[in-house]
Ligand code: TRP
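Residue numbers (my numbering): 78 to 416.
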């Protein structure tokens, strides 16, 4: 059962995604899973114990279910190798985290930029924020996951995971598989350069959920009218001629990129169609219609998926996850003479 290698991904319980998150991260993950689920285990889990390092907005269980529904609605094929589970429902994660705490140095954790950013300027910081990367290492090492698709902001945590595993393997027993290094993870994803959908109002920046201006971002829940309004008012440039040039024409380039992705077409084809055209309004009109149709289709699928369906998948996945994780944990416990 565990002979096959594992691809593992941690999905934060956050159902409010932007079109940027969806096209840049979620869809590539679904593609990766669909092309590999015949010969890899695909572990898709919610790091709910990571969620509680800070106040949670909304209801955690509901958010977990909603965020997993996004994967199903985006077309994830449910083969028997696809496993959904919640971190807190597999107690081995917490236990391995504690054991790895005893192998990890304070100095290593002190260097983590996410911890530094999150604690910057605060008088009091909880230990969970500091220890976050060790729990993440446990999430990965329990399943011998080789591929762990994450964004650049998590590369440092992935490197730490490799370091902790290596140290453990050397000092105790050689039982952990190291996840491959971040650069190779990106190659495996085959997305080439990471896709970064830009803010519609400030196309030099990434589209982000936390941006205040509503017109800057498209949410997965937006209606066709909202989509049209936002795209028609997107910032462009004064060049007056369409070309793909992220540096001089980031707004126009962003629209071309979005259109390619929602139509599942090679970017180059979309660029050839529009290059040299001078009516920015025509491009906006087309992108607005295409995005509205794309989101409409997604929202229709989403509405057909019930909470029960996701809960059933979770329960099944958690049986699998506990079996694999407990077996690995037992080996670790034995190495420390805890068993
Ligand atoms: N830290 C990841 C993030 O913020 C979420 C996460 C937790 C994760 N544990 C993981 C991702 C293990 C991959 C593997 O996005």
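For every residue, glycine included, the Cβ atom is placed at its ideal position computed from N, Cα and C.
Note that the structure is a prediction, hence the values are computed from the model and not measured.
Own chain residues within Cβ distance below 6 Å of residue i, not counting five before or after
i: residue 78; result: With a pLDDT of 48 at residue 78, under the threshold of 50, the modelled position of this residue cannot be trusted; read the value that follows with caution. Here the set comprises nothing.
i: residue 255; result: 239, 242
i: residue 278; result: 290, 292, 293, 312
i: residue 399; result: 167
i: residue 354; result: 319
i: residue 111; result: 154
i: residue 368; result: 304, 339
i: residue 94; result: 297
i: residue 250; result: 412
Buried or exposed by the 16-neighbour rule on C-beta atoms within 10 Å, applied to residue i
i: residue 86; result: buried
i: residue 262; result: buried
i: residue 179; result: exposed
i: residue 158; result: buried
i: residue 343; result: exposed
i: residue 328; result: buried
i: residue 415; result: exposed
i: residue 284; result: buried
i: residue 199; result: exposed
i: residue 335; result: buried
i: residue 245; result: buried
i: residue 275; result: buried
i: residue 407; result: exposed
i: residue 104; result: buried
i: residue 183; result: exposed
i: residue 133; result: exposed
i: residue 156; result: exposed
i: residue 161; result: buried
i: residue 135; result: exposed
Residue i: CB within 7 Å of a non-hydrogen atom of the ligand TRP
i: residue 275; result: no
i: residue 213; result: yes
i: residue 85; result: yes
i: residue 240; result: no
i: residue 345; result: no
i: residue 160; result: no
i: residue 77; result: Residue 77 is absent from the model: the chain starts at 78 and stops at 416.
i: residue 124; result: yes
i: residue 127; result: yes
i: residue 216; result: yes
i: residue 234; result: yes
i: residue 225; result: yes
i: residue 89; result: yes
Proximity winner among the options, relative to residue i (alpha-carbon distances)
i: residue 213; options: 313, 80, 415, 177; result: 177
i: residue 391; options: 97, 143, 131; result: 143
i: residue 125; options: 182, 153, 205; result: 205
i: residue 174; options: 137, 154, 219; result: 219
i: residue 209; options: 199, 221, 201, 195; result: 195
i: residue 258; options: 232, 283, 400; result: 232
i: residue 426; options: 304, 282, 302; result: Only positions 78 to 416 of the chain appear in the structure, and residue 426 is not among them; the question remains open.
i: residue 384; options: 147, 88, 132; result: 147
i: residue 188; options: 237, 149, 156, 217; result: 237
i: residue 253; options: 93, 404, 100, 149; result: 404
i: residue 396; options: 127, 337, 165; result: 165
i: residue 388; options: 100, 98, 149; result: 149
i: residue 286; options: 98, 90, 207, 138; result: 98
i: residue 145; options: 127, 90, 115; result: 90
i: residue 299; options: 325, 372, 323; result: 372
i: residue 122; options: 325, 360, 352, 141; result: 141
i: residue 309; options: 380, 386, 357, 211; result: 357
i: residue 267; options: 109, 100, 365; result: 109
i: residue 362; options: 221, 380, 216, 302; result: 302
i: residue 191; options: 130, 360, 171; result: 130
Close-in-space but distant-in-sequence residues of the same chain around residue i (CB under 7 Å, 5 per side omitted)
i: residue 227; result: 235
i: residue 348; result: 321, 333
i: residue 202; result: 196
i: residue 317; result: 355
i: residue 107; result: 148, 151, 152, 153
Chain-order list of residues whose beta-carbon lies under 8 Å from that of residue i (same chain, five-residue window excluded)
i: residue 117; result: 81, 82, 83, 84, 158, 224
i: residue 113; result: 84, 119
i: residue 306; result: 292
Proximity test, Cβ basis, 8 Å: residue i and chain C
i: residue 123; result: In the displayed structure, chain C is absent; only one protein chain is listed.
Query raised in the report: Which residue spans inside the region 122-156 form an unbroken alpha helix (DSSP H) run of at least 4?
Result: Whole alpha helix (DSSP H) segments, 4+ residues: 125-128, 137-150.
Query raised in the report: If you scan the region 301-357 from start to end, which runs of the alpha helix (DSSP H) of 4 or more residues do you find wholly inside it?
Result: You should have 301-309, 327-339, 344-351.
Report task. Scan the region 219-294 and note each continuous alpha helix (DSSP H) run of 4 residues or more that stays entirely inside, going in chain order. Result -> Entirely contained in the region 219-294, the alpha helix (DSSP H) runs reaching 4 residues are, in chain order, 232-248, 259-266.
Query raised in the report: If you scan the region 375-413 from start to end, which runs of the alpha helix (DSSP H) of 4 or more residues do you find wholly inside it?
Result: Every unbroken stretch of the alpha helix (DSSP H) spanning 4 or more residues and falling wholly within the region 375-413 is given here in chain order: 384-412.
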